[in-house]
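Down below is the structure, laid out as structure tokens.
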Amino acid sequence: MATGRTAYRGDDALAGLLSSAGIRITVEDLRGLVAGVNAAPPGQDPDGWMILLGADPATLPDTLRAQLRALKDDMAAGDGVGGGGPDPVGRIAALRAELDRRGLAGFVVPRADEHQGEYLPARAERLAWLTGFTGSAGVAVVLRDAGAIFVDGRYTLQVRQQLPAGLLEYRHLVDEPHVDWIAANLPAGGRLGYDPWLHTVGWVERARQAAAKAGGELVPVTDNPVDAIWGDQPSAPIAPVVPHDVRFAGRGAEDKMRDVAAAIARDGVAAAVLNQPDSIAWLLNIRGTDVPHTPLPLSFAVLHADAHVDLFVDRRKLVPGLESHLGNRVSLRDPAGLGDALDGLGREGRKVLVDPASATAWTVERLSAAGAQVVRGTDPCVLPKARKNEVELEGTRAAHRRDAVAMARFLAWLAREAPSGRIGEIGAAERLHAFRSAGERFRGDSFVTISGAGPNGAVVHYHVTPATERRIEPGTLYLIDSGGQYDDGTTDVTRTVAVGQPTPDMRDRFTRVLKGHIALATVRFPRGTTGSQLDVLARQYLWQAGLDFDHGTGHGVGSYLGVHEGPQRISKVPNAVALEPGMILSNEPGYYETGAYGIRIENLIAVEPCAELPGAGRPMLSFETLTLVPIDLALVEPGLMTAGEIAWLNAYHARVREAVLPDLDREAADWLTAATAPIVA
0 MATGRTAYRG DDALAGLLSS AGIRITVEDL RGLVAGVNAA PPGQDPDGWM ILLGADPATL
60 PDTLRAQLRA LKDDMAAGDG VGGGGPDPVG RIAALRAELD RRGLAGFVVP RADEHQGEYL
120 PARAERLAWL TGFTGSAGVA VVLRDAGAIF VDGRYTLQVR QQLPAGLLEY RHLVDEPHVD
180 WIAANLPAGG RLGYDPWLHT VGWVERARQA AAKAGGELVP VTDNPVDAIW GDQPSAPIAP
240 VVPHDVRFAG RGAEDKMRDV AAAIARDGVA AAVLNQPDSI AWLLNIRGTD VPHTPLPLSF
300 AVLHADAHVD LFVDRRKLVP GLESHLGNRV SLRDPAGLGD ALDGLGREGR KVLVDPASAT
360 AWTVERLSAA GAQVVRGTDP CVLPKARKNE VELEGTRAAH RRDAVAMARF LAWLAREAPS
420 GRIGEIGAAE RLHAFRSAGE RFRGDSFVTI SGAGPNGAVV HYHVTPATER RIEPGTLYLI
480 DSGGQYDDGT TDVTRTVAVG QPTPDMRDRF TRVLKGHIAL ATVRFPRGTT GSQLDVLARQ
540 YLWQAGLDFD HGTGHGVGSY LGVHEGPQRI SKVPNAVALE PGMILSNEPG YYETGAYGIR
600 IENLIAVEPC AELPGAGRPM LSFETLTLVP IDLALVEPGL MTAGEIAWLN AYHARVREAV
660 LPDLDREAAD WLTAATAPIV A
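Residues in the sequence shown are numbered consecutively from 0, following numbering that gives the first Met the number 0.
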């Protein structure tokens, strides 16, 4: 035991303490609970999980709390996800042996869970465990005598660092689709396995065609062969599922259920299967911490046209009083009962809505086999969730004000310390997290902070590690992309900072990015306009110099939910979803000089009705800028800007001063005053 840590006194002693405190749980059941707690991300309160024992942790005797912590620590030390570290050679060999035993020619291993989520619980990180590749997007196809791993352009270098050469082919996820590789490499007569819980029905249809083209067959497996060889696979996560107060949500869950149920009933649908936990969290006004960075309670739900909801969730996650919060329109079911519920809908021949973008192949196949009429359509919660109500909007404004205070303190600290050259990317990210953690209602980072100095800033989704870390040094640009989760909102902001004197090229590129940012922030557009129609506004000044950036300009953002939320976006990629009042998006054009520096300016913006224009022939919309963080004036070239653009920047900085100055100490306030000083052409 480490010095200062309480030693675990054993199960018998703990059983006595539990009994004395009136907590009725066996140590065996407690160990099962703690295994799930250890498999979930740590919360802001390290003792917060103890509420699942049925009592406020603060009321538990000190000795019991200490022994619960000791049990949790002991079990965590023995859990292990890596078994001594990544061993892709040994693990892929073990997978091939398992495939031989099952008579399979190969198996597809995606980075996915049963909900097709962006962030996965530790148990679902099968691709990382098998190959050592830890990127956020990828898939491996392992055959008996061949194999390939497919990653997108963000990870072409990382995959080579993490996966030994010659073990699997390195392929591009977009340019070289893995279904094409399957068609070219699956042996004739070969049976290619897949886990129907980890793929959408659309993927299965494409992969089945690819296997048939090779003369083989795509076959579902009832139990994942990776799980069969992963001896120390983490448990399913267990983190407290808590009510999301209506003072933050703005609407009661019953109102939401009635409205969404009425919408599916109008389409003649009897029920909708909800596979996405963020939809369930929004609909029922609940939150959890089963996965990193997004407050999701992993679960499934069936919404019926009569506004009744069957919620399939591990009851051990539910905090005391949650059943009362859910009310009598919500029936709690064991997750293992989902199949029987779908069978029941099928036996009645009901029309059941599933979203092909997120519903698992298992769900669709189960419904079809049972006789249901499967209707493919968009998750009915997605659009109303995207349209934030006024309470949610006011909450996100408040969250952005607090977030701006943390960012101002961080940038003031950076301005003092960075010129020394002693600050590294990891230390900077940790300092920003500390500033955010000190704020009210903070619940955690909304994603892994991108902290990139010099050439690392040119890697769009750079993730700093001890092996890649650079110092923030004079003569370079530093890019920091980060965000926070708060009870009342979700933030996401990127700033690029000059350390020392920037070059003329840096100022030129930065100002072109800024001009595009302002063009998007100030646009007025008619109702019915999509984000893809506006995307060019952010790129036009870069295009004039023969430059561009290769990512989208804006993604949707949730209200104390996902930092990446659909269906709205601003991108070159065509998108048929019209922007509507209440939708929150990012505005983040950028420029990346490979091997030198990266530039990105990101604010969050909310769609709002535009003030009535004289002679306007139709209703118009505009954007409200939510983020309140200074833009580095050292990188601005006023000579490239119009009078209107300079006026916008000065007015924006005046808003920042007004909102943030009152909450800063003298040193940070002095920095902010100088950083937001008006500029002239």
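Note that beta-carbon positions come from the ideal geometry of N, C-alpha and C, so glycine has one too.
None of the values given here were measured: they were computed from a predicted structure.
Classify Y461 as helix, strand or coil using the three-state DSSP reduction.
Here residue 461 refers to the residue found at position 462 when the sequence shown is read from its first residue. Reduced to three states, the DSSP call for Y461 is coil.
If you follow the beta strand (DSSP E) that V682 is part of, which residue opens it and which one closes it?
With the chain covering 0 to 680 only, the question about residue 682 has no answer from this structure.
Is the separation between the beta-carbon of H307 and that of A269 shorter than 8 Å?
The count along the sequence shown starts at 1 and reaches residue 307 at position 308. The count along the sequence shown starts at 1 and reaches residue 269 at position 270. The answer is no: Cβ separation not under 8 Å.
Buried or exposed: where does V679 fall if 16 or more other Cβ atoms within 10 Å of its Cβ makes it buried?
In the sequence shown, counting from the first residue as 1, residue 679 sits at position 680. Flag for V679 reads exposed.
Three-state secondary structure (DSSP) at F106?
Translated into the one-based positions of the sequence shown, residue 106 becomes position 107. In this structure, F106 counts as strand in the three-state DSSP scheme.
DSSP state of G79, grouped into three classes?
Start at 1 with the first residue of the sequence shown, and residue 79 comes out as number 80. The pLDDT assigned to G79 is 47, lower than 50, so where the model puts this residue is not dependable; a value taken from the coordinates is nonetheless given after this. Of the three classes helix, strand and coil, the one that applies to G79 here is coil, per DSSP.
Provide the residue(s) that pair with A677 in DSSP beta bridges, ordered along the chain.
In the sequence shown, counting from the first residue as 1, residue 677 sits at position 678. For the sequence presented, residue 677 should be read as Pro rather than Ala. BP columns for P677 are empty, so no partner.
Taking only runs of the alpha helix (DSSP H) that begin and end inside the segment 569 to 593, which ones reach a length of at least 4 residues, in chain order?
Runs of the alpha helix (DSSP H) inside the segment 569 to 593: none found.
Does the structure place the segment 316 to 335 close enough to the segment 348 to 362 that three or more beta carbon pairs sit under 8 Å?
Cβ pair count under 8 Å is below three, so no.
Under the rule that 16 or more other beta-carbon atoms within 10 Å means buried, what is R375, buried or exposed?
Indexing the sequence shown from 1 puts residue 375 at position 376. R375 is exposed by the Cβ-count criterion.
Excluding five sequence neighbours on each side, which residues of the same chain lie with their C-beta closer than 7 Å to the C-beta of A145?
Within the sequence shown, residue 145 is the residue found at index 146, counting from 1. Only N184 meet the Cβ criterion.
Smallest Cα separation from V301: which of D339, T288, S18?
Here residue 301 refers to the residue found at position 302 when the sequence shown is read from its first residue. V301 has its Cα closest to that of D339, out of D339, T288, S18.
Measure the beta-carbon distance from A428 to W670 and round it to whole angstroms, keeping in mind my assumption that it falls under 8 Å.
Within the sequence shown, the letter at position 429 stands for residue 428. Within the sequence shown, the letter at position 671 stands for residue 670. Their Cβ separation, rounded to whole angstroms, is 20 Å, which puts A428 and W670 out of contact at 8 Å.
Just how far apart, CA to CA, sit V522 and P294?
Along the sequence shown, one-based indexing puts residue 522 at 523. Along the sequence shown, one-based indexing puts residue 294 at 295. Approximately 33 Å, taken between the alpha carbons.
So the alpha helix (DSSP H) D254 belongs to, where does it begin and stop?
As a first step, residue 254 is located in the sequence shown; it is residue number 255 there, counting from the start. First-last of the alpha helix (DSSP H) with D254: 252 to 265.
Can you give the Cα-Cα distance for H243 and I285, rounded to whole angstroms?
Taking the first residue of the sequence shown as 1, we reach residue 243 at position 244. Taking the first residue of the sequence shown as 1, we reach residue 285 at position 286. Answer to the nearest angstrom: the Cα atoms are 5 Å apart.
Would you mind sorting A164 into buried or exposed? The rule is 16 or more other CB atoms within 10 Å of its CB.
In the sequence shown, the residue the question calls residue 164 occupies position 165. A164 comes out exposed.
So what does DSSP say about S330, is it helix, strand or coil?
Taking the sequence shown and counting its residues from 1, one reaches residue 330 at position 331. Residue state, collapsed to three classes: strand.
Is the segment 470 to 487 touching the segment 398 to 406 in the sense that three or more CB pairs, one from each, lie closer than 8 Å?
Contact between the segment 398 to 406 and the segment 470 to 487 is present, because at least three Cβ pairs lie under 8 Å.
Is it the case that the Cβ atoms of L625 and A605 are separated by a distance below 8 Å?
The residue you call residue 625 lines up with position 626 of the sequence shown. The residue you call residue 605 lines up with position 606 of the sequence shown. Their beta carbons are under 8 Å apart, which means L625 touches A605 by this criterion.
Just the C-alpha distance for D631 and T675, rounded to the nearest angstrom, thanks.
In the sequence shown, residue 631 corresponds to position 632, counting from 1. In the sequence shown, residue 675 corresponds to position 676, counting from 1. About 9 Å.
Does the beta-carbon of A127 have 16 or more other beta-carbons within 10 angstroms, so that it is buried, or is it exposed?
Position 128 of the sequence shown, counted from the first residue, corresponds to residue 127. By the 10 Å Cβ count, A127 comes out buried.
Could you check what DSSP says for A436 in three-state terms: helix, strand or coil?
If you number the sequence shown from 1, residue 436 lands on position 437. Here residue 436 turns out to be Ser, not Ala, going by the sequence shown. Three-state DSSP puts S436 in a helix.
How should T672 be labelled, buried or exposed, when 16 other C-beta atoms within 10 angstroms of its C-beta is the threshold for buried?
Residue 672 sits at position 673 when you count from the first residue of the sequence shown. Burial call: exposed.
Give me the Cα-Cα distance between G131 and E168, rounded to the nearest whole angstrom.
Position 132 of the sequence shown, counted from the start, is the residue given in the question as residue 131. Position 169 of the sequence shown, counted from the start, is the residue given in the question as residue 168. Near 14 Å, if we compare the C-alpha coordinates of E168 and G131.
Take V318 as the anchor and find which of G443, P56, Y590, A417 has the nearest alpha-carbon.
The residue given as residue 318 occupies position 319 in the sequence shown. Of G443, P56, Y590, A417, the residue nearest in Cα terms is P56.
Let me know if D11 comes out buried or exposed under the rule of 16 or more other beta-carbons within 10 Å of its beta-carbon.
Within the sequence shown, numbered from 1, the residue matching residue 11 stands at position 12. Burial call: exposed.
For L197, which option in A668, V363, A187 has the closest C-alpha, if you only look at C-alpha atoms?
Reading the sequence shown from its first residue, position 198 is the one you call residue 197. The shortest Cα separation from L197 among A668, V363, A187 belongs to V363.
Is L32 near L51, with beta carbons less than 8 Å apart?
Position 33 of the sequence shown holds residue 32. Position 52 of the sequence shown holds residue 51. Yes, they are a contact pair.
If you scan the segment 184 to 251 from start to end, which runs of the beta strand (DSSP E) of 3 or more residues do you find wholly inside it?
Entirely contained in the segment 184 to 251, the beta strand (DSSP E) runs reaching 3 residues are, in chain order, 190 to 193, 216 to 219.
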